[in-house]
Each structure stands twice: as C-alpha cells, then as structure tokens.
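Okay, structure first, notes after.
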Amino acid sequence: MNKNYFEILRPGINSTFQDNGRNNFYHIGIPFSGAMDNRNFLLANTISNNGINNPVLEFAYQGPKLKYIGDNISINITGDVNFKIIRKNKNLEFGCYENIVLENNDCLDILSTNRSVYGYLSIGGTFEVDYYLNSCSTNTKAKIGANSGEKLQKGQIIKLKNIKKILPKNKIEYLNSKIENIRIIKGPHFDYFSKGAIDLFFGNEFNVTKLSDRMGIRLKGPKISNIQNTNIKSEGLVKGVIQITADGDPIIMLSDHGTIGGYPKIGVVISADYDKLVQIPPASKIKFKEINLKDAETIFKLYEMETQNLISNIK
Amino acid sequence: MIKNISNLGDAALYCDFGNEVNKEINRNVINYFNNLRDSNFLGITNITPSYNKLVISFDLKLTSFAILKKQVENLELKKINNSKNNLIKIPVCCTEEFALDIKRLQKLLKIKEAKIYEIFFSKNYYCYMTGFIAGMPFLGDMDKSLFAKRLETPRVKVPKNSIGITEQFCNIYTFESPGGWNIIGKTPVDIFDNKRSTKPNLINPGDTISFYPITKQEYEKI
C-alpha cells in the first residue's frame, strides 16, 4: 500500500497543508488557520471532485518542487501560479484551474505565484496528513496540524491515499483580479483617533512590507497617531482586524493571528475582500475605504454567489 | 452584564462588559462564554473571552450580526461558573538560571528575593483568559508590592515554560516566544501540550491557580 507519493525536492518558501481551519479554539489561544484564500481553496477541491474540506497544499511566492511516484493521478493548481511539469526531461506547460494528469516519475515544479502570494495544489485523492482538533491545518506557531505542525521540508515523502480514477478535464474560467482598495468597517476604537489621523488613514496609500505572513500584514505609511491610549486591555481579535501599534503603523490580522491583542482596533476588513487582501504581495500599495455593515453584508452575498457560479460553471 | 453589543467587522460581535479589570466582571464574561458554548446558536465559529470583553465570531454564510445579537441578548444564563472547584497547582523552579529578572526586580521593588517569592507563592491566582500564543494563561491578581512594569526592551526569546510577572498579572510562556514580562522562574509542566488529544491546555479561563516552589532536582524529575 501507499505506493503513491510525492518526494519534496524543494520545499518552497512557506508550503503547508491546509483545510477549512479550526473552529472554537480561540479561547485557548489557537487561531482559525485554514487556507488563506478561501475561494481558491474551494475551487481547487471542486475541480478535484473532492469534499470541500479536503486537505490541499498551500504555497506562498515560490512553491515546492515535487517528484511524483505512483499510478497516474489528476491534479490541479489554483491561484495565479506559474508552474511546469518535467516529464522525461521535457518541460510541459499547463494552466491553472484545470485537471492535469501526473505520471510516474514526473516532476511538478511550482515556480512562483504571479504578483500574488498564495496558490493551492489539490489532487484527485487525499494527502495522508495528521489531524488535530478536527483540522489538518498546519499552524507552525502552535506546532499543530499536518506535518507535525511544520512547513514542508526538503527530502520529505508525502504519502497519498484514496487515489481516484483519472478525473474529467474539469476546467474553470477564472482570472484572479487584483485590488488596491480594501473596504473596511469601523472598529471599536475608531474614536481613539483624531479627525486628522482618520483623514490620513483613509486618504493615503500604505505599503505592504516584507514583515507579512500567515499571521498578519504589516503596513508602512503615514503614522496614525492616537489621542487616547496606544494600549488597551488585551481582548479578542478576529481575522481582518486592523490594529494600530504604538508606533502608529497598521497591522492587519490574518488567519494565523494571535488570538488576543492589546492595540486599538481602527477597523476590520470586510469578509468579501479577505481573499483578495491576503493575495497582496509585499511592496504593493493598498488604500482603505470605509463602508457600513449593511453594505458589507450585501457585498458578501454577491461574492458568495459569484463563487457558487464559478463552481457550477465547471466544464 | 453586557453593557453594549456592537459589530467587530461583518462577522463578529463585540460584547462590552466595562473597562475595569476585576474578577467580578471577568466571571460575568466567562459565564456568558460557558453558556454560549452550550447554546446551539447557528453559525458561531469562535468565542473569545478576555478581561472585560467577549468576541463572538460567526460564519456570515450561516447567520448575521443582527440575528446573533438578538440571540445573545435573549440568552438565559443557566450554567454558573464556579471556578473554586478547579484549583490547579503548578510547580515552579526559581534557580538563578531560570529566574532571569529576579535580581533586577529585587532592586526595582526594593524587596529581598526571598520575600518576593514568599509573597508570590502565598496567593492563589485567577485565570482571566488564555491566548495570544496557544494556551498562555493571563493570571491575577498579583500582590500590589510586586507590581512591576514590563521590560523596556522585550526579550527576543523567552524560554518555554517561563513564569513572568508584570503589573497586576502573571503568565506562563507556553512556547518560546518574544516577550517583555519579568521572568521569575520556570515550570517543568507543559501548560500547552499538543499530545493531549482533546484538551491541549491545562489552564482554562475561570480556573484558579496556585504556584509552589520546587528545587532544581525536583524540577528535573518531573
């Protein structure tokens, strides 16, 4: 058994197994985790005819290089990703969002994500991974989930199971759009900031810095000074919360964020913009726009409908 | 009781219980937390208690702020938190190699090392919340004579299982992590252990903790 496996020739920058994430453990300090870009995660599993919570391999910037050993298997890659398959010393090019067949001894080289951050590899089958607290999502800070809570390592073997017969050539026509305007809802400490500071916050662009990862995005721009207190008593955070540090810089909390924090929260990114937010790479600029709760809920419904349309339009 | 419920973004409720930090308010927060855990309100994904706030996040596909707010407002509190039943004893070794800041604290507080420990070990502590890093408990209240500020420059690495104090609180670093609390000792017990399959953390919000001193030899045996 287990004659199908990947050997990791190059692990990539931050390659982890992810699923839908872990619910109900914030109160003991364990964040949600899960695939950063939920839509691309969902599309990957859909093209593979998998359950929607099947584990996928998430990679960031430069992905892994994997050697495949086993029976022919369908795979697909989602995101804005540049990759190739090396078969008998020949380079084969394929597109994202469609099933392709990997043969024994093929090398899958996931070169890079294009002007984005995350991409996903799904297979017609299941990666054999460990589960912890109802999820396989790797959380490298708490060292839990698949792969003993670690990123992929060079030389590792990833076993596969439940390999399906070659899947139909499912294909989704989808272009990852980029956004610069991030819509937010006012946070509970909005009034800690003067009118001048608020004008700076919404009127200027911020640079996404290199200090950005699955835990958060650190921004640099005009200093957003605070007229009340740079610290609050620590309290719960959620993904998408924008905290302003004592230095006046915004930090946006992402899926692996610390569960509680003590900086004032100026706003929260709306759910519909989250998938696009996480895909904004360092050195890009972003700008915030305020909207109200009702509009955010409507926009989310539309975003969900769009996702469902993509799924139902698989060819 | 909850003073105000507002929205934290479009997929979370922000329940405000006041601004003070004390056990009465926090017990209220934890009562709500325990009762909500037992409720079957659709769509709740996480409930995070802290000193005086409760954040409830939810799946926007399944519910909404308006629906959940009404449910929380109408929640009948049945389960009463009785933290006195749950007393957890944590051994602490205070040899020089583990008590990274004791010499500094001695000067800062103008209290002899032995007296600092005598005061520290004489009290029970209440767990206000856990989190920031997995399983880290925020415990209080310290005796006033031991109130000390954070380090001016936080350590890049605080060793795992270190016991830290700052102002009215003490905590336990469940992982090696950056941090600015004054380190006075180390416990051999893993407060967060991912080998425990369902309850990885030893200390939960609302629990009562007492610390007791152990020697280096005892530390090594545990």
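Residue numbers (this note's numbering), protein chains in the order written: chain F, 1 to 315; chain Y, 1001 to 1222. We put the beta carbon where it would ideally sit given N, CA and C, even for glycine.
Query: Can you say whether residue 1212/Y is buried or exposed, counting buried as having 16 or more other CB atoms within 10 angstroms of its CB?; Result: exposed
Query: Using Cβ-Cβ distances below 7 angstroms, what residues of the segment 1003-1026 of chain Y are close to chain F?; Result: 1006, 1007, 1008, 1009, 1010, 1011, 1012, 1014, 1021
Query: Just to confirm, is the Cβ distance from residue 97/F to residue 172/F under 7 angstroms?; Result: yes
Query: Do residue 241/F and residue 268/F have their CB atoms nearer than 7 angstroms?; Result: yes
Query: Could you tell me which residues DSSP pairs with residue 122/F in its beta bridges?; Result: 76/F
Query: Give the single residue among 81/F, 126/F, 51/F, 212/F whose Cα lies nearest to the Cα of residue 175/F.; Result: 81/F
Query: With 8 angstroms as the C-beta to C-beta threshold (strictly closer), list the residues of the segment 1117-1139 of chain Y near chain F in chain order.; Result: 1129, 1130, 1131, 1132, 1133, 1134, 1135, 1136, 1138
Query: Using the beta-carbon count (16 or more within 10 Å), is residue 64/F buried or exposed?; Result: buried
Query: Tell me whether residue 1013/Y, by its Cβ, gets closer than 6 angstroms to a heavy atom of the ligand GDP.; Result: In the structure on display, the ligand GDP does not appear, and there are no ligands present to speak of.
Query: Check the Cβ-Cβ distances between residue 129/F and every residue of chain Y, and say whether any is below 7 angstroms.; Result: no
Query: Going along chain Y, which residues have a C-beta under 9 angstroms from residue 300/F?; Result: 1010, 1011, 1060, 1061
Query: From the DSSP output, in three-state form, read off residue 1087/Y for me.; Result: strand
Query: Which ranges would you report for the alpha helix (DSSP H) in the segment 138-206 of chain F if only whole runs of at least 4 residues count?; Result: 195-203
Query: Taking Cβ-Cβ distances shorter than 7 angstroms, what residues in chain Y pair up with residue 343/F?; Result: Residue 343/F cannot be examined here, being either before or after the span of chain F that is shown, 1 to 315.
Query: Does the separation of the CB atoms of residue 27/F and residue 1048/Y fall below 7 angstroms?; Result: yes
Query: Under the rule that 16 or more other beta-carbon atoms within 10 Å means buried, what is residue 1037/Y, buried or exposed?; Result: exposed
Query: Compare the C-beta of residue 1057/Y with all C-beta atoms of chain F and state if any pair is closer than 7 angstroms.; Result: yes
Query: Beta strand (DSSP E) containing residue 87/F: first to last residue?; Result: 81-87
Query: Buried or exposed: residue 244/F, going by 16 or more other Cβ atoms within 10 Å of its Cβ?; Result: buried
Query: Could you tell me the alpha carbon to alpha carbon distance between residue 1202/Y and residue 1108/Y, rounded to whole angstroms?; Result: 32 angstroms
Query: Assign residue 296/F to one of three DSSP states: helix, strand, or coil.; Result: helix
Query: Run through DSSP, which three-state label would residue 1058/Y get?; Result: strand
Query: Strictly under 7 angstroms for the Cβ-Cβ distance: is residue 1201/Y near chain F by that measure?; Result: yes
Query: Give me, in chain order, the residues of the same chain whose beta-carbon lies closer than 7 angstroms to that of residue 212/F; leave out the 5 immediate sequence neighbours on both sides.; Result: 218, 282
Query: According to DSSP, is residue 273/F helix, strand or coil?; Result: helix
Query: For residue 183/F, which residues from the same chain have a beta carbon less than 6 angstroms from its beta carbon, with the 5 sequence-adjacent residues on both sides left out?; Result: 270, 273, 289, 291
Query: Which chain Y residues sit within Cβ distance under 9 angstroms of residue 187/F?; Result: 1008, 1009, 1014
Query: So which residues of chain F does residue 1051/Y contact, with C-beta pairs closer than 9 angstroms?; Result: 233, 234, 235
Query: What does residue 1047/Y reach in chain F if we use C-beta pairs closer than 8 angstroms?; Result: 24, 26, 27
Query: Taking the straight line between their C-alpha atoms, what separation do you get for residue 123/F and residue 1174/Y?; Result: 36 angstroms
Query: Can you name, in chain order, every residue of its own chain whose Cβ lies under 8 angstroms from the Cβ of residue 141/F, other than the five neighbours on each side?; Result: 215, 256
Query: Which partner residues of residue 290/F appear in the DSSP bridge assignment?; Result: 184/F
Query: Under a three-way DSSP split, which group does residue 1012/Y fall into?; Result: strand
Query: Ends of the alpha helix (DSSP H) at residue 1072/Y?; Result: 1065-1073
Query: Are there three or more Cβ pairs, one per stretch, closer than 8 angstroms when the segment 221-228 of chain F is compared with the segment 1093-1109 of chain Y?; Result: no
Query: Tell me which residues of the segment 244-268 of chain F have at least one Cβ-Cβ distance to chain Y shorter than 7 angstroms, keeping chain order.; Result: 258, 259, 260, 268
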